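Student: Take a look at the following structure, please.
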Amino acid sequence: MANDLGAKLAAHLGLTAVATTGPFRGGSAVGAIEGYPVVAGVGKKGSTNGVLVHVRWKKDSLTITPEQLKERFGTSPEVLAAMEKKSLSSGQVKSLLTVEPDGASLFWTYSMRQPSVERIGQMVRSLVALAKTNAQPVGDYCETCDTREGDLYLVDGIDVRRLCTSDRQRAEAADTAVVDAYRALESRPLVGLLFGTVAAIAAALVWAGVALVIHRVFAYVALAIGLGIGFAIFRGAGKIDLFGRAATVVLTIAAVILGQFIFVLVTVANAAGVPLSSELASRVAERFVSIEFSGSSGYLVLAFALIGAGAVFWMFRSPVRGRQFVLVSSSSSAS
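Numbering-wise (the working numbering), the sequence shown opens with residue 24 and increments by one.
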């Protein structure tokens, strides 16, 4: 059923079926109901299946607080009937509905049996009814200039916007300019590697110092190490490309292992009452890996460090392409 749900739901609601590359599986139903742009379908968040519905209204026109809207959603007879529930707890409502200044998003999870087209349609209409009584519709005019009639576009498979041709072209041109500007940035991989190496050595010493002072290590310190090394490489290289990502991963792992090795080495030397030496370091190194990674803590620390590095990848990721605008209709659809 998931493969053609978008088309069936569109027919049921009087909207347009769009085959998207966004979060929806099997396409989505897109259009406007009484001036409120809507996109709905079945998709996934991570590994969780769910019905995703996005209803938009005029920005900042909501006349009640988001919490009050959620309360009305949770007690709506139509919503409860669509979900086949007698009541919804505040926790359930919080996980179901997200309210923004210009709309609300619903992620209605299910495990085995997907809700029927009729139930999903009832949920969409219930959300539109809530929007209608508490916020102004987007209407037929361009949301950017508010002077010309706008066409309805599905943006990146999830966001429904009403834009005139001129403002849509300007948005596409701005996206292209951002991508071109990033690609034009000079890449300095060797400088980035130098900055990252210095940061990794400093991070290893900090890691060992903290461990020696408090006699324990924290995963959050490893997280900070990953962030620090990634940021250092970015500052040196100008942008993080494939080489920068590989260098960040290698140096992050090396910094954590080196810092922990220094900590173990100094601890052993103090316990044995012997001075630090290359011979002692060699003997500790022979057993270091088996000791450090005999349990899960060593792997956990590395995982947190790599999460920190990954956060830098995400913050400074390349804008590989502009937004995708799919024309849905040139006038509001009503249901």
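Idealized CB from N, CA, C, for every residue including glycine.
No experiment lies behind these values; they were computed from the predicted model shown.
Considering only the alpha carbon of each residue, which of Leu265, Ala334, Glu315 lies closest to leucine 250?
Tutor: Here the question's residue 250 lines up with position 227 in the sequence shown. Per the Cα distances, Ala334.
Student: Measuring straight from C-alpha to C-alpha, what distance separates valine 102 and alanine 42?
Tutor: In the sequence shown, the residue the question calls residue 102 occupies position 79. In the sequence shown, the residue the question calls residue 42 occupies position 19. Taking the straight line joining both Cα atoms gives about 27 Å.
Student: Among Arg142, Leu265, Gly49, Ala33, which has the Cα closest to the Cα of isoleucine 56?
Tutor: As a position in the sequence shown, residue 56 is number 33, starting the count at 1. Nearest option by C-alpha distance: Ala33.
Student: Name the one or two DSSP bridge partners that asparagine 293 has.
Tutor: On the sequence shown, position 270 is the one that residue 293 refers to. Answer by DSSP bridge pairing: none, since asparagine 293 is not bridged.
Student: Please state whether DSSP places serine 305 in a helix, a strand or coil.
Tutor: Indexing the sequence shown from 1 puts residue 305 at position 282. It is helical.
Student: Can you find the residues in the same chain that come closer than 7 Å, C-beta to C-beta, to phenylalanine 266, ignoring five residues on each side of it along the sequence?
Tutor: Here residue 266 is taken as the residue at index 243 of the sequence shown, counted from 1. Only Pro212 meet the Cβ criterion.
Student: With proline 60 as the anchor, note down where its beta strand (DSSP E) starts and where it stops.
Tutor: The sequence position of residue 60 within the sequence shown is 37, counting from 1. Proline 60 -> beta strand (DSSP E) spans 59-68.
Student: Assuming the contact rule is C-beta atoms closer than 8 Å, arginine 344 and valine 201 should be a hit. Round their C-beta distance to whole Å, please.
Tutor: As a first step, residue 344 is located in the sequence shown; it is residue number 321 there, counting from the start. As a first step, residue 201 is located in the sequence shown; it is residue number 178 there, counting from the start. Wrong, their Cβ atoms sit about 10 Å apart, outside the cutoff.
Student: Jot down the residue ranges of each uninterrupted beta strand (DSSP E) in the stretch 64-152, minimum 3 residues, whole runs only, in chain order.
Tutor: Here the runs fully enclosed are 71-79, 120-123, 126-132.
Student: From what residue to what residue does the beta strand (DSSP E) around aspartate 174 run?
Tutor: The residue labelled residue 174 in the question sits at position 151 within the sequence shown. Counting along the chain, the beta strand (DSSP E) containing aspartate 174 begins and ends at 174-178.
Student: Among Tyr133, Ile285, Met106, His238, whose alpha-carbon lies nearest the alpha-carbon of serine 5?
Tutor: For the chain, the structure presents residues 24 to 358; residue 5 sits outside this window and is missing.
Student: Could you spell out where the alpha helix (DSSP H) holding threonine 220 opens and where it closes?
Tutor: As a position in the sequence shown, residue 220 is number 197, starting the count at 1. Run containing threonine 220: 212-237, per the alpha helix (DSSP H) assignment.
Student: Count Cβ pairs between the stretch 269-285 and the stretch 217-231 that sit closer than 8 Å; are there 3 or more?
Tutor: yes
Student: Who are alanine 55's beta bridge partners in DSSP?
Tutor: By 1-based counting over the sequence shown, the position of residue 55 is 32. Answer is Pro60, bridged to alanine 55.
Student: Hey, could you find the ends of the alpha helix (DSSP H) alanine 197 is sitting in?
Tutor: Walking along the sequence shown from the start, residue 197 turns up at place 174. Annotation for alanine 197: the continuous alpha helix (DSSP H) segment containing it runs 188-207.
Student: For leucine 325, which of helix, strand or coil comes out of DSSP?
Tutor: For the purposes of this step, residue 325 is taken as the residue at position 302 of the sequence shown. Of the three classes helix, strand and coil, the one that applies to leucine 325 here is helix, per DSSP.
Student: Could you give the C-beta distance for alanine 247 and glycine 331, rounded to a whole number, given that I count them as a contact under 8 Å?
Tutor: On the sequence shown, residue 247 is found 224 positions in, with the first residue counted as 1. On the sequence shown, residue 331 is found 308 positions in, with the first residue counted as 1. Yes, alanine 247 and glycine 331 are in contact; Cβ-Cβ is about 6 Å, under 8 Å.
Student: Indicate the three-state DSSP secondary structure (helix, strand or coil) for serine 313 in the structure shown.
Tutor: Here residue 313 refers to the residue found at position 290 when the sequence shown is read from its first residue. In the structure shown, serine 313 sits in a helix (DSSP, three-state: H, G or I).
Student: Output the distance between the C-alpha atoms of alanine 99 and phenylalanine 257, rounded to the nearest integer angstrom.
Tutor: Taking the sequence shown and counting its residues from 1, one reaches residue 99 at position 76. Taking the sequence shown and counting its residues from 1, one reaches residue 257 at position 234. Looking at the sequence itself, residue 99 is serine, so the reference to alanine does not match. Cα to Cα, serine 99 sits roughly 50 Å from phenylalanine 257.
Student: Provide the residue span of the alpha helix (DSSP H) that contains alanine 33, from first to last.
Tutor: Locating residue 33 in the sequence shown gives position 10, counting from the first residue. 28-36 is the extent of the alpha helix (DSSP H) around alanine 33.
Student: From what residue to what residue does the alpha helix (DSSP H) around valine 161 run?
Tutor: Taking the sequence shown and counting its residues from 1, one reaches residue 161 at position 138. Per DSSP, valine 161 belongs to no alpha helix (DSSP H) and is neither H nor E.
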